[in-house]
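First comes the structure, then the notes that go with it.
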Amino acid sequence: MSTTIELMDGGARTSAGPAGGEIRCGDLVRIFATDGVEVQALQGLTLSVDPGEIVAVVGASGSGKSTLLTILSGLDTPTGGSAVVAGTDLLTMGHAERVRYQRSTVGFVWQQTSRNLLPYLTVSENVRLPLELANALPRRERRRRVEELLELLDVGHVAGRRPGEMSGGEQQRTAIAVAVANSPRVLLADEPTGELDEATSVEVLEALRGVNRETGVTTLIVTHDPTVSEHVARTIQIRDGRTSTETLRRTETDEHGQARHVSEEFAVLDRVGRLQLPQDFVHALDLRDRVRLALEADHVGVWPAAPGPAVESDPPAEPVETRTEEDR
Ligand SMILES: Nc1ncnc2c1ncn2[C@@H]1O[C@H](COP(=O)(O)OP(=O)(O)OP(=O)(O)O)[C@@H](O)[C@H]1O
Ligand SMILES: [Mg+2]
Numbered sequence: 155m156s157t158t159i160e161l162m163d164g165g166a167r168t169s170a171g172p173a174g175g176e177i178r179c180g181d182l183v184r185i186f187a188t189d190g191v192e193v194q195a196l197q198g199l200t201l202s203v204d205p206g207e208i209v210a211v212v213g214a215s216g217s218g219k220s221t222l223l224t225i226l227s228g229l230d231t232p233t234g235g236s237a238v239v240a241g242t243d244l245l246t247m248g249h250a251e252r253v254r255y256q257r258s259t260v261g262f263v264w265q266q267t268s269r270n271l272l273p274y275l276t277v278s279e280n281v282r283l284p285l286e287l288a289n290a291l292p293r294r295e296r297r298r299r300v301e302e303l304l305e306l307l308d309v310g311h312v313a314g315r316r317p318g319e320m321s322g323g324e325q326q327r328t329a330i331a332v333a334v335a336n337s338p339r340v341l342l343a344d345e346p347t348g349e350l351d352e353a354t355s356v357e358v359l360e361a362l363r364g365v366n367r368e369t370g371v372t373t374l375i376v377t378h379d380p381t382v383s384e385h386v387a388r389t390i391q392i393r394d395g396r397t398s399t400e401t402l403r404r405t406e407t408d409e410h411g412q413a414r415h416v417s418e419e420f421a422v423l424d425r426v427g428r429l430q431l432p433q434d435f436v437h438a439l440d441l442r443d444r445v446r447l448a449l450e451a452d453h454v455g456v457w458p459a460a461p462g463p464a465v466e467s468d469p470p471a472e473p474v475e476t477r478t479e480e481d482r
């Protein structure tokens, strides 16, 4: 798969796209200091998700995925940068606003089912609880809302059971019902399939997609499972606390009328022009420390720098080339 640079200006919808996204992070930094050692979990992460979109964020263990989600859920505050979700500025919100934000603006699904559901309540009671805490719906409408949610997540058949009496997939689908009970604008899921087998993972990812489609809730799924990109139109890869590439998936119809899925990977360029070259490109040409750049009329070339003192010579043939949108 080729990698293409997607320029951030020009109004195209991109990670660092124009203001107005339901989730907008700019140059987000989170530094943890423990025992005098600093860990930069997020190192200037930029991300934008449109209202109603469903997006996956993937990355290796330790790349900063949970740190990002904990910030977006209002449980942690970033060290620097900007983060605005559904119009709420996460860096400046006060205590009362934070409670309101967590209760009704965002819903979350965590990896551990024990963190999502109360073990001594039935499925119906678990789903009803957030409605009671928010006290937003008149009492008589709560029962109808619970039934609607159980049907949407296909857990009506276990309505009277407690989490310990259900499969992992049923527990996570119930957790999604709890998360969207108060019709949040944003749904956040951290490794929602981390404890499930492959077939059940597919079922839970499809349930998230179904909820996104039916309710229009903006959805962000964080996972280290690369197969998630088969379930969403946009997958953002993070590496070392920064967005590195994005994979866009669309359906095309060929000349025989057959639908086929096409995925294309883009490198993400931030406002100040930084990008991460894919690691296989870096390894293929043994790029390290310094590279030579050349601006051409319609693209930028990247060459390994010759070892030793800088010499004036023509770049070698077959460089890594970074092309602009118009190129494709
Ligand atoms: N509370 C904390 N105190 C100190 N360091 C932390 C803290 N939370 C996370 N980190 C560090 O920040 C980095 C990013 O952690 P994070 O949990 O966001 O990774 P992740 O991408 O979710 O990984 P995984 O796939 O294993 O869940 C790691 O180096 C981690 O050790
Ligand atoms: Mg994590």
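Note that the working numbering has the sequence shown beginning at 155, numbered continuously upward. Virtual Cβ for every residue (Gly too), placed ideally from N, Cα, C. Values in this document were obtained by computation on a predicted structure and should not be read as measured data.
Put simply, the segment 336 to 348 touches the segment 371 to 391. At least three CB pairs are less than 8 Å apart. Leucine 223 is not a Cβ neighbour of proline 232, given a cutoff of 8 Å. Within 7 Å of the C-beta of glutamate 301 there is not a single heavy atom belonging to ligand 2. With 6 Å as the limit, the residues whose C-beta approaches any heavy atom of ligand 1 more closely are Phe186, Thr188, Val193, Ala195, Gly213, Ser215, Gly216, Ser217, Gly218, Lys219, Ser220, Thr221 and His378, in sequence along the chain. Secondary structure at histidine 415: strand, using DSSP grouped into helix, strand and coil. An exposed status is given to glycine 411, since fewer than 16 other beta-carbon atoms sit within 10 Å of its beta-carbon. Burial state of threonine 188 is exposed, judged by a 10 Å Cβ sphere holding fewer than 16 other Cβ atoms. A Cβ-Cβ separation of about 6 Å places leucine 271 in contact with threonine 328 under the 8 Å criterion. With respect to the 8 Å criterion, valine 371 and arginine 339 are classified as neighbours on the basis of their beta carbons. Note: isoleucine 225 is not bridge-paired with any residue in the DSSP secondary-structure output. Residue side-chain check: glutamate 349 keeps its Cβ at 7 Å or more from all non-hydrogen atoms of ligand 2. The C-alpha of valine 358 is placed about 16 Å away from the C-alpha of glycine 310. Remark: C-beta atoms of threonine 267 and proline 317 approach each other more closely than 8 Å. Around the C-beta of phenylalanine 262, 16 or more other C-beta atoms lie within 10 Å, and the residue is accordingly described as buried.
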